[in-house]
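So the structure is just underneath, and the comments pick up after that.
Numbering (the working numbering), first residue to last: 1 to 379.
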């Protein structure tokens, strides 16, 4: 099965795929789509940027077009990921008026969401917390939900959504198809699959739980007081768009101001920003109005921007798994990219553990040397 045209898909869906320029499925799509269309439960594990959204989105649209009595629910851990998934599904259903897609996230106007839900959308994409709000309000009925997708299952566990998932599943029919998609296959993810899925097919594609091979990874040894200036040097030397990851909201705000004072075009997102502010920041970055996006780990997943050339870990992540998802914002869908991590003496042990865990070659740490003099920013 080499192309989407050769798959047994509805003509309206094939037309949408053709418009999107989808000709050949990725490896994960080629493996998952036939299993999913047949209605089997599955656990799919593949590296970030491999096309997982298409792997479950295409079968969902196909099955709902063929059975008008079925609906689908997709759960994702962040607002950004819900937005990305919803936008993709709307592009797949552009010729299918009978398939409405609803985005249900916290921080957005609940009145608008209530209006959308009154129209009985066939596909609901939601964060767990806001979905529970609607279930308690009885503004959403899941009795006709035949397909459940848990996207970024590992991240949902990391963010403490397990109790919310338990609540939500009480509202779902026992007879349904459930799919779990993840980029890292940990023991906790396996336990989640055992709990919610029935004899699932297990599909693994690519470098499971490892960074994409096309990403060139490197390390910069520095000290805390020199990090800001060393970052300016790196930004001057690199071309193309950059996502810079930090640990806290306060540091993200501070660094964005620092870089803006140097003349860089900067956007920022973190959990303290409103839904509108976060969307505006991502759109500015996508459209090239901002070259740099400063972000906490809330952006490590759920941002699909093909042209990201560089990821800079200004701070190492607090959770090992977030390293994979951070640098996975570059080198998406077969492209190449670069990821660099700043490591201070305080970070040595954490970095060495990351390097071993994710088999990062050529990043051995040496004795710290003084950095060169700062070069001025060239606009």
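Cβ coordinates follow ideal geometry from the N, Cα and C atoms, glycine included.
*Just the C-alpha distance for residue 368 and residue 121, rounded to the nearest angstrom, thanks.*
Translated into the one-based positions of the chain shown, residue 368 becomes position 368. Translated into the one-based positions of the chain shown, residue 121 becomes position 121. The predicted position of residue 368 is uncertain, since its pLDDT is 46 and thus under 50; no value can be drawn from it.
*asked:* What would DSSP say about residue 9, mapped onto helix, strand or coil?
replied: Taking the first residue of the chain shown as 1, we reach residue 9 at position 9. Assigned with DSSP and collapsed to three states, residue 9 falls in coil, not helix or strand.
*If you run the structure through DSSP and keep just helix, strand and coil, what is residue 216?*
Working through the chain shown from its first residue, we reach residue 216 at position 216. In the structure shown, residue 216 falls within a strand segment according to DSSP collapsed to helix, strand and coil.
*Less than 8 angstroms separating the beta-carbons of residue 282 and residue 242?*
In the chain shown, counting from the first residue as 1, residue 282 sits at position 282. In the chain shown, counting from the first residue as 1, residue 242 sits at position 242. No, the pair does not count as a contact, with Cβ atoms beyond the cut-off.
*Where do the ends of the alpha helix (DSSP H) carrying residue 237 lie?*
Reading the chain shown from its first residue, position 237 is the one you call residue 237. It spans 227-237 - the alpha helix (DSSP H) in which residue 237 sits, taken as one unbroken run.
*Within the segment 268-308, note down every full alpha helix (DSSP H) run reaching 4 residues or more, in order along the chain.*
Listed in chain order, the complete alpha helix (DSSP H) runs (minimum 4 residues) inside the segment 268-308 are 275-286.
*How many angstroms separate the CA atom of residue 197 from the CA atom of residue 266?*
Along the chain shown, read from residue 1 onward, the residue named residue 197 stands at position 197. Along the chain shown, read from residue 1 onward, the residue named residue 266 stands at position 266. If I take the Cα positions, the gap works out to 43 angstroms.
*Local conformation of residue 119 per DSSP, three classes*: Residue mapping note: residue 119 aligns to position 119 of the chain shown, counting from 1. DSSP, read as helix, strand or coil, puts residue 119 in coil.
_Any contact between the segment 44-64 and the segment 22-29? By contact I mean 3 or more CB pairs, one from each, below 8 angstroms._
Contact holds: three or more Cβ-Cβ distances are below 8 angstroms.
*Closest by CA to residue 257, which one among 224, 191, 57 and 294?*
Reading the chain shown from its first residue, position 257 is the one you call residue 257. For residue 257, the nearest C-alpha among the options comes from 294.
*Drop a sphere of 10 angstroms on the beta-carbon of residue 156, count the other beta-carbons inside from all chains shown, and report buried for 16 or more, exposed for fewer.*
In the chain shown, residue 156 corresponds to position 156, counting from 1. With a threshold of 16 other beta carbon atoms within 10 Å, residue 156 meets it and is buried.
_Taking the straight line between their C-alpha atoms, what separation do you get for residue 202 and residue 285?_
Counted from its first residue, the chain shown places residue 202 at position 202. Counted from its first residue, the chain shown places residue 285 at position 285. Cα to Cα, the separation comes out at about 36 angstroms.
*Beta bridge counterpart(s) of residue 310 as assigned by DSSP*: Within the chain shown, the letter at position 310 stands for residue 310. Its beta-bridge partners are 242 and 338.
*asked:* Could you check whether the segment 143-152 touches the segment 307-323, counting it as contact only if at least three pairs of C-beta atoms, one from each stretch, sit closer than 8 angstroms?
replied: Contact between the segment 143-152 and the segment 307-323 is absent, because fewer than three Cβ pairs lie under 8 angstroms.
*Between the C-alpha atoms of residue 221 and residue 345, what's the straight-line distance to the nearest angstrom?*
Sequence index remark: in the chain shown, residue 221 carries index 221 (1-based). Sequence index remark: in the chain shown, residue 345 carries index 345 (1-based). The C-alpha of residue 221 lies about 8 angstroms from the C-alpha of residue 345.
*Are the Cβ atoms of residue 339 and residue 244 separated by less than 8 angstroms?*
In the chain shown, the residue the question calls residue 339 occupies position 339. In the chain shown, the residue the question calls residue 244 occupies position 244. In this structure, residue 244 does not lie closer than 8 angstroms to residue 339 by Cβ.
_Check for me: the beta strand (DSSP E) holding residue 179 runs from which residue to which?_
Here residue 179 is taken as the residue at index 179 of the chain shown, counted from 1. It spans 177-182 - the beta strand (DSSP E) in which residue 179 sits, taken as one unbroken run.
*Within this structure, are the beta carbons of residue 181 and residue 44 separated by less than 8 angstroms?*
Start at 1 with the first residue of the chain shown, and residue 181 comes out as number 181. Start at 1 with the first residue of the chain shown, and residue 44 comes out as number 44. If you check the CB distance, residue 181 and residue 44 come in under 8 angstroms.
_Short Cβ contact (8 angstroms threshold) for residue 42 with residue 32_ = If you number the chain shown from 1, residue 42 lands on position 42. If you number the chain shown from 1, residue 32 lands on position 32. Yes.
*In the DSSP assignment, find the beta strand (DSSP E) that holds residue 202 and state where it starts and stops.*
Translated into positions along the chain shown, residue 202 becomes position 202. Its beta strand (DSSP E) spans residues 201-205.
*Taking DSSP as the reference, what is the three-state secondary structure of residue 316?*
Within the chain shown, numbered from 1, the residue matching residue 316 stands at position 316. Correct three-state label for residue 316: coil.
_Separation of residue 6 from residue 271, as counted between CA atoms_ = Within the chain shown, the letter at position 271 stands for residue 271. Within the chain shown, the letter at position 6 stands for residue 6. So the two alpha carbons sit approximately 43 angstroms from each other.
*Tell me which same chain residues have a C-beta within less than 8 angstroms of the C-beta of residue 57, skipping the five on either side of it?*
Reading the chain shown from its first residue, position 57 is the one you call residue 57. Cβ neighbours of residue 57 beyond the five flanking positions: 85, 88, 89 and 92.
*Host beta strand (DSSP E) of residue 43 (start-end)*: Here the question's residue 43 lines up with position 43 in the chain shown. First-last of the beta strand (DSSP E) with residue 43: 42-46.
*Spatial neighbours of residue 9 within its chain, please: CB distance less than 8 angstroms, with the 5 preceding and 5 following residues excluded, ordered by chain position.*
For the purposes of this step, residue 9 is identified with residue 9 of the chain shown, where counting begins at 1. So the list reads 17, 58 and 62, once near-sequence residues are dropped.
_Once the 5 residues before and after residue 217 are set aside, which same chain residues still bring their CB inside 6 angstroms of it?_
Here residue 217 refers to the residue found at position 217 when the chain shown is read from its first residue. Non-local beta-carbon contacts of residue 217 in its own chain, meaning distances under 6 angstroms to residues more than five positions away in sequence, involve 339 and 360 in chain order.
*Pull up the distance between the alpha-carbon of residue 173 and that of residue 325, whole angstroms please.*
In the chain shown, the residue the question calls residue 173 occupies position 173. In the chain shown, the residue the question calls residue 325 occupies position 325. Computed Cα separation, rounded: 32 angstroms.
*asked:* Please return the same chain residues whose Cβ sits closer than 6 angstroms to the Cβ of residue 336, not counting the five positions on each side in sequence.
replied: The residue labelled residue 336 in the question sits at position 336 within the chain shown. Counting only Cβ-Cβ distances below 6 angstroms, and skipping sequence neighbours, we find 214.
*Please go through the same chain and pick out, in chain order, the residues whose beta-carbon is closer than 7 angstroms to the beta-carbon of residue 119, but skip the five residues on each side of it.*
Mapped onto the chain shown, residue 119 falls at position 119. For residue 119, same chain residues with a beta-carbon under 7 angstroms away, outside a window of 5 residues either side, are 100 in chain order.
*Should residue 168 and residue 134 be called a contact, given that it needs their Cβ atoms to be closer than 8 angstroms?*
Residue numbering aside, residue 168 sits at position 168 when the chain shown is read from its first letter. Residue numbering aside, residue 134 sits at position 134 when the chain shown is read from its first letter. A distance of 8 angstroms or more separates the beta carbons of residue 168 and residue 134.
*Cα separation between residue 195 and residue 69?*
If you number the chain shown from 1, residue 195 lands on position 195. If you number the chain shown from 1, residue 69 lands on position 69. Looking at the two C-alpha atoms, the distance is approximately 27 angstroms.
*DSSP three-state call for residue 31: helix, strand or coil?*
If you number the chain shown from 1, residue 31 lands on position 31. Looking at residue 31 - three-state DSSP - the assignment turns out to be helix.
*Ends of the beta strand (DSSP E) at residue 149?*
Here the question's residue 149 lines up with position 149 in the chain shown. Per DSSP, the continuous beta strand (DSSP E) segment holding residue 149 begins and ends at 145-150.
*Would you kindly work out how many angstroms separate the C-alpha atoms of residue 109 and residue 115, rounded to a whole number?*
Counted from its first residue, the chain shown places residue 109 at position 109. Counted from its first residue, the chain shown places residue 115 at position 115. If you draw a straight line from the Cα of residue 109 to the Cα of residue 115, it comes to about 10 angstroms.
_Helix, strand or coil at residue 18 [DSSP, three-state]_ = Numbered from 1 along the chain shown, position 18 holds the residue referred to as residue 18. If DSSP states are grouped into helix, strand and coil, residue 18 belongs with the helices.
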